[in-house]
Amino acid sequence: MVNNLGGLSVLEIGVVADEVVKQLAQRSIYIERSLVGTFITSLDGPGFSVTLLSLDDELRDLLDAPTTAPAWPRSIHGWAIDAESVSKRETIVPVTKANARETGVNVPTLLVKVLIESVARTTARDEPKITEYDTLAGDGDCGETLLNGVTGLVKEFENDDAVSLDISQVFRRTATTAERSMGGTSGAIYAIFLNAVANRLLELTTSSSSLTVSEFIQQALQSGLDELCRYTPARIDHRTLMDALIPFVKNYSLSGSLKAALAEARKGAESTRQMVAALGRASYVGQDRFDEEGGIPDPGALGVVSILEGLCDGLDTRAN
Numbered sequence: 001m002v003n004n005l006g007g008l009s010v011l012e013i014g015v016v017a018d019e020v021v022k023q024l025a026q027r028s029i030y031i032e033r034s035l036v037g038t039f040i041t042s043l044d045g046p047g048f049s050v051t052l053l054s055l056d057d058e059l060r061d062l063l064d065a066p067t068t069a070p071a072w073p074r075s076i077h078g079w080a081i082d083a084e085s086v087s088k089r090e091t092i093v094p095v096t097k098a099n100a101r102e103t104g105v106n107v108p109t110l111l112v113k114v115l116i117e118s119v120a121r122t123t124a125r126d127e128p129k130i131t132e133y134d135t136l137a138g139d140g141d142c143g144e145t146l147l148n149g150v151t152g153l154v155k156e157f158e159n160d161d162a163v164s165l166d167i168s169q170v171f172r173r174t175a176t177t178a179e180r181s182m183g184g185t186s187g188a189i190y191a192i193f194l195n196a197v198a199n200r201l202l203e204l205t206t207s208s209s210s211l212t213v214s215e216f217i218q219q220a221l222q223s224g225l226d227e228l229c230r231y232t233p234a235r236i237d238h239r240t241l242m243d244a245l246i247p248f249v250k251n252y253s254l255s256g257s258l259k260a261a262l263a264e265a266r267k268g269a270e271s272t273r274q275m276v277a278a279l280g281r282a283s284y285v286g287q288d289r290f291d292e293e294g295g296i297p298d299p300g301a302l303g304v305v306s307i308l309e310g311l312c313d314g315l316d317t318r319a320n
């Protein structure tokens with residue numbers, strides 16, 4: 001079942017359904033019946049949900065049974081296009097110098113690798129604690145999801161042998177890796193944010209050459225946050241990763257100091273210890289769970305801090 005949360009057009013939900021078919025085919029999952037439409041909405045939420053059901057003969061007959069429910073669609077037998085042909089129809093073309101629009105602002109490849117490896121160390125260090133907190137006040141996968149994303153990022157850049165990399169493409173590839181490797185809500189949030197940062201970097205660096213790399217990133221991060229806030233209602237005091245991300249971006253955009261901005265992110269994450277969750281899985285957990293151990297900080301916010309600590313450590317290592 002591919003469910004429209006209310007804000008997607010028929011065309012968009014069709015594209016989503018097509019992508020679901022393609023990805024299921026890649027995992028050798030056969031679709032016996034499919035339902036695509038608007039079933040359970042979040043008012044006019046710009047999103048969708050995907051539900052899979054292991055189907056036996058009895059359930060299949062029930063799905064096929066006649067109904068007088070006016071909004072219930074007829075189930076589709078299999079898929080209109082053979083699943084294998086769908087999976088082969090689209091090919092993702094790797095970004096190359098021939099087809100990538102470059103900004104002309106490059107960063108050393110070695111620096112990118114040093115930063116990624118440093119982030120890999122800090123997230124591996126912090127994953128057990130993040131997972132422990134998420135097990136107490138969530139679904140227990142936040143730490144593993146974060147680690148999957150960073151591991152994917154290491155693999156994405158480990159074989160790059162160019163002297164330097166275009167800065168917008170670094171962010172673009174990081175966003176793509178987050179989307180592919182992380183999954184879940186946090187993967188989507190990171191992907192939206194980083195893609196928006198990449199877009200803004202492309203605009204800034206192709207229209208101005210008077211700014212430093214740090215100044216480019218300052219402006220791009222704020223644009224990325226503004227874009228992200230169009231897609232999520234999460235804000236400060238909602239007990240999400242935004243409690244760390246928002247103060248970090250705001251401080252860095254103004255000061256240009258990564259360490260000062262990291263300090264603000266830490267404060268934001270710490271402030272979530274006994275905060276009542278307004279969004280996400282944690283919003284269904286009783287307040288007594290958050291009072292354990294003097295309060296449980298939001299795992300997503302801790303993940304943001306872990307990444308930023310890795311970046312700071314990497315820059316310090318590079319400087320020394």
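Residue numbers (the UniProt record's numbering): 1 to 320.
In this text, a Cβ means the ideal position worked out from N, Cα and C, and glycines have one as well.
Coil, strand or helix - residue i by DSSP
i: residue 6; result: strand
i: residue 165; result: strand
i: residue 276; result: coil
i: residue 295; result: coil
i: residue 255; result: helix
i: residue 239; result: coil
i: residue 140; result: coil
i: residue 27; result: coil
i: residue 271; result: coil
i: residue 210; result: coil
i: residue 36; result: strand
i: residue 87; result: Confidence in residue 87 is poor, its pLDDT being 43 and thus under 50, which makes the residue's placement too unreliable to answer from.
Where residue i falls, given that 16 or more other Cβ within 10 Å makes a residue buried
i: residue 170; result: buried
i: residue 207; result: exposed
i: residue 11; result: exposed
i: residue 53; result: exposed
i: residue 340; result: Residue numbering for the chain in the displayed model covers 1 to 320; residue 340 lies beyond these limits and cannot be assessed.
i: residue 233; result: exposed
i: residue 158; result: exposed
i: residue 27; result: exposed
i: residue 225; result: buried
i: residue 298; result: buried
i: residue 44; result: exposed
i: residue 51; result: exposed
i: residue 62; result: exposed
i: residue 40; result: exposed
i: residue 42; result: exposed
i: residue 25; result: buried
i: residue 73; result: exposed
i: residue 268; result: buried
Inter-residue Cα distance where the pair is residue i and residue j
i: residue 262; j: residue 14; result: 41 Å
i: residue 266; j: residue 210; result: 32 Å
i: residue 215; j: residue 205; result: 10 Å
i: residue 242; j: residue 200; result: 20 Å
i: residue 125; j: residue 64; result: 51 Å
i: residue 145; j: residue 68; result: 42 Å
i: residue 20; j: residue 138; result: 26 Å
i: residue 301; j: residue 58; result: 45 Å
i: residue 223; j: residue 212; result: 17 Å
i: residue 310; j: residue 113; result: 12 Å
i: residue 129; j: residue 143; result: 8 Å
i: residue 239; j: residue 318; result: 34 Å
i: residue 306; j: residue 160; result: 25 Å
i: residue 296; j: residue 308; result: 20 Å
i: residue 217; j: residue 9; result: 34 Å
i: residue 89; j: residue 22; result: Any answer about residue 89 is weak, because its pLDDT of 44 lies below 50 and its placement is not dependable; what the coordinates show is given next. Each residue's Cα considered, the two are about 9 Å apart.
i: residue 140; j: residue 273; result: 17 Å
i: residue 247; j: residue 6; result: 31 Å
i: residue 70; j: residue 177; result: 42 Å
i: residue 256; j: residue 197; result: 16 Å
Residue i versus the options, residue with shortest Cα-Cα distance
i: residue 303; options: 256, 245 and 155; result: 245
i: residue 254; options: 238, 221 and 309; result: 221
i: residue 180; options: 147, 162, 51 and 198; result: 147
i: residue 33; options: 40, 46, 48 and 55; result: 55
i: residue 162; options: 240, 111 and 44; result: 111
i: residue 172; options: 195, 160, 229 and 178; result: 195
i: residue 316; options: 42, 149, 258 and 218; result: 258
i: residue 252; options: 312, 149, 228 and 203; result: 312
i: residue 106; options: 167, 70 and 121; result: 167
i: residue 35; options: 7, 62 and 3; result: 3
i: residue 188; options: 149, 202 and 165; result: 149
i: residue 165; options: 108, 131 and 7; result: 108
i: residue 46; options: 16, 23, 152 and 176; result: 16
i: residue 1; options: 198, 121 and 18; result: 18
i: residue 264; options: 249, 275, 273 and 202; result: 249
i: residue 276; options: 236, 247 and 314; result: 236
Extent of the continuous beta strand (DSSP E) run through residue i
i: residue 49; result: 48-50
Continuous alpha helix (DSSP H) stretch holding residue i: start and end
i: residue 128; result: 109-137
i: residue 184; result: 184-207
i: residue 70; result: Looking at the DSSP string, residue 70 is not in any alpha helix (DSSP H), and its letter there is neither H nor E.
i: residue 158; result: It is not in any alpha helix (DSSP H) - residue 158 carries neither H nor E in the DSSP assignment.
i: residue 61; result: 57-64
i: residue 224; result: 213-231
Short CB-CB distance (under 9 Å) between residue i and chain C
i: residue 37; result: Looking at the structure shown, chain C is missing, and only one protein chain is on hand.
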